[in-house]
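Single-structure report; data block below.
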Amino acid sequence: AASNEAFGTISILVNNAGITGPNDVTWNYPVDAWRRVIELDMNAVFYCCRAIIPQMIEANYGRVVNIASIAGKEGNANAAAYSTAKAGVIGLTKSLGKELVDHDIAVNCITPAAAKTRIFEQMSPTHIDMMLAKIPRKRFVQVEEVAAMVCWMASEENRFTTGGVFDISGGRATY
Numbered sequence: 563a564a565s566n567e568a569f570g571t572i573s574i575l576v577n578n579a580g581i582t583g584p585n586d587v588t589w590n591y592p593v594d595a596w597r598r599v600i601e602l603d604m605n606a607v608f609y610c611c612r613a614i615i616p617q618m619i620e621a622n623y624g625r626v627v628n629i630a631s632i633a634g635k636e637g638n639a640n641a642a643a644y645s646t647a648k649a650g651v652i653g654l655t656k657s658l659g660k661e662l663v664d665h666d667i668a669v670n671c672i673t674p675a676a677a678k679t680r681i682f683e684q685m686s687p688t689h690i691d692m693m694l695a696k697i698p699r700k701r702f703v704q705v706e707e708v709a710a711m712v713c714w715m716a717s718e719e720n721r722f723t724t725g726g727v728f729d730i731s732g733g734r735a736t737y
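Right, dumping it as structure tokens:
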């Protein structure tokens with residue numbers, strides 16, 4: 563309600579937040595770190611959608627773009643919490659896309675390869691090298707490349723696609 567008063571009805575929601583948590587094997591992964599990654603990387607997307615989508619339904623218009631990760635499609639060794647959370651974002655996107663088909667609301671997801679952002683500060687150099695080695699283009703995705711895809715997904719031009727998962731991984735994705 564406060565956001566409506568301050569900004570009016572929200573018609574575009576981009577859920578783009580994430581932490582990697584420690585790089586460790588699953589059986590040694592600290593439980594508190596697991597919970598923190600799941601809470602921020604997956605549950606926060608649910609909370610934002612839960613808060614904003616009712617406004618979109620009332621307006622019969624909206625665009626939701628969730629930023630997941632190629633790790634959510636393929637899993638990354640030594641990053642089980644992050645991979646699990648991003649897989650959850652993919653599942654949430656697909657469910658919401660189906661739930662909202664009777665409204666002019668598109669819910670889609672992007673699964674980028676790693677981009678050089680502050681999230682790299684949370685990763686070991688070995689993990690960063692492993693991620694780069696998996697990208698056939700032999701470089702990390704640029705933030706501007708992801709932003710361009712977000713802009714189209716959030717636009718009125720995107721009238722048909724919903725529940726979609728869009729790869730931007732430099733050829734890494736296997737599906």
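If you use the numbering used here, the sequence shown corresponds to residues 563 to 737, in order.
Yeah, the Cβ is synthetic: ideal placement off N, Cα and C, and Gly gets one too.
Between the C-alpha atoms of residue 625 and residue 573 there is a straight-line separation of about 6 Å. Take residue 697, set aside five residues on each side of it, and the residues of its chain with a beta-carbon closer than 6 Å to its own are 675, 732 and 734, in chain order. If you check the CB distance, residue 646 and residue 681 do not come in under 8 Å.
With a threshold of 16 other beta carbon atoms within 10 Å, residue 717 falls short and is exposed.
Shortest Cα-Cα distance from residue 620 to any of 637, 667, 651 and 640 involves 667. Beta-carbon to beta-carbon, residue 712 and residue 576 are separated by about 6 Å, close enough to satisfy the 8 Å threshold. As the crow flies, the alpha-carbon of residue 592 is around 42 Å from that of residue 722.
Between residue 641 and residue 633, the C-beta gap is smaller than 8 Å, which places the two residues in contact.
Residue 670 sits close to residue 627, with the two beta carbons spaced by under 8 Å. Taking the CA atoms as reference points, residue 584 sits about 41 Å from residue 664. Just so you know, the alpha carbons of residue 730 and residue 649 end up roughly 15 Å apart. Taking a 10 Å sphere around the C-beta of residue 588, we find fewer than 16 other C-beta atoms and assign the residue as exposed. Beta-bridge analysis with DSSP links residue 575 to 626.
In terms of CA proximity to residue 570, 614 leads the group 614, 683 and 672. Per DSSP, reduced to three states, the secondary structure at residue 728 is strand. Beyond the five residues adjoining it in sequence on each side, residue 595 comes within less than 6 Å, by CB distance, of 583 and 584 in the same chain, given in chain order.
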